[in-house]
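Per full-length UniProt numbering, residue 1 is the first one in the sequence shown, and the count goes up by one each step.
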Amino acid sequence: MIKLFSLKQQKKDEESAGGNRTGAGGKKASAAQLRIQKDINELNLPKTCEIVFPDQDDLLNFKLIISPDEGFYKGGKFVFSFKVGQGYPHDPPKVKCETMVYHPNIDLEGNVCLNILRYTTCTAPKGLSDHDKQD
């Protein structure tokens, strides 16, 4: 309850200071834009990774450049494009590898084949006893 009150107070303070959270063109930022901004700011990327925004006003489309300094892919430069939808974080981003690479999780068109990127719904068990039940 205290946190809710502090969030309301923070929003009120921002509005009175003229600091409405706005995106490009003075429009109010969407929940997905606010969340991706928070998530990107919290990233602690190694020196071999870099995030690039082709359009500085569009946080929902960006590129991740990975330049490994060790291992089989050392010396390579691998570019991945991310397209984040308005349903983020409930809907996963669309990720594509723009660099031709032979990797078991990347197909010939550059589609990244990871189950977490295909995630649609979650049906978590209600408790540990659900695992013991057999149909």
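By construction, the Cβ of each residue, glycine as well, lies at the ideal position given by its N, Cα and C atoms.
Query: Three or more C-beta pairs below 8 Å linking the segment 44-51 and the segment 90-102; Result: no
Query: Residues near P89 in its chain [Cβ-Cβ closer than 6 Å; skip 5 each side]; Result: R35
Query: Burial state of C97 (16 or more Cβ within 10 Å); Result: buried
Query: Pair within 8 Å by beta-carbon distance, D95 and V112; Result: Sequence inspection shows Val at residue 95; the Asp mentioned does not correspond to that position. Yes, these two residues count as a Cβ contact at 8 Å.
Query: Whole-angstrom C-beta distance between I65 and V52, which should lie under 8 Å; Result: 6 Å
Query: Buried or exposed (CB count within 10 angstroms, at least 16 for buried), L60; Result: buried
Query: Coarse secondary structure for L34, derived from DSSP in three states; Result: helix
Query: Alpha carbon of G75 to alpha carbon of D69, nearest angstrom; Result: 6 Å
Query: Identity of the residues DSSP links to V84 by a beta bridge; Result: According to DSSP, which records beta bridges pairwise, V84 is partnered with nothing at all.
Query: Three-way DSSP call (helix, strand, coil) for E42 in this model; Result: helix
Query: DSSP state of N115 mapped onto helix, strand, coil; Result: helix
Query: Three-state secondary structure (DSSP) of H103; Result: strand
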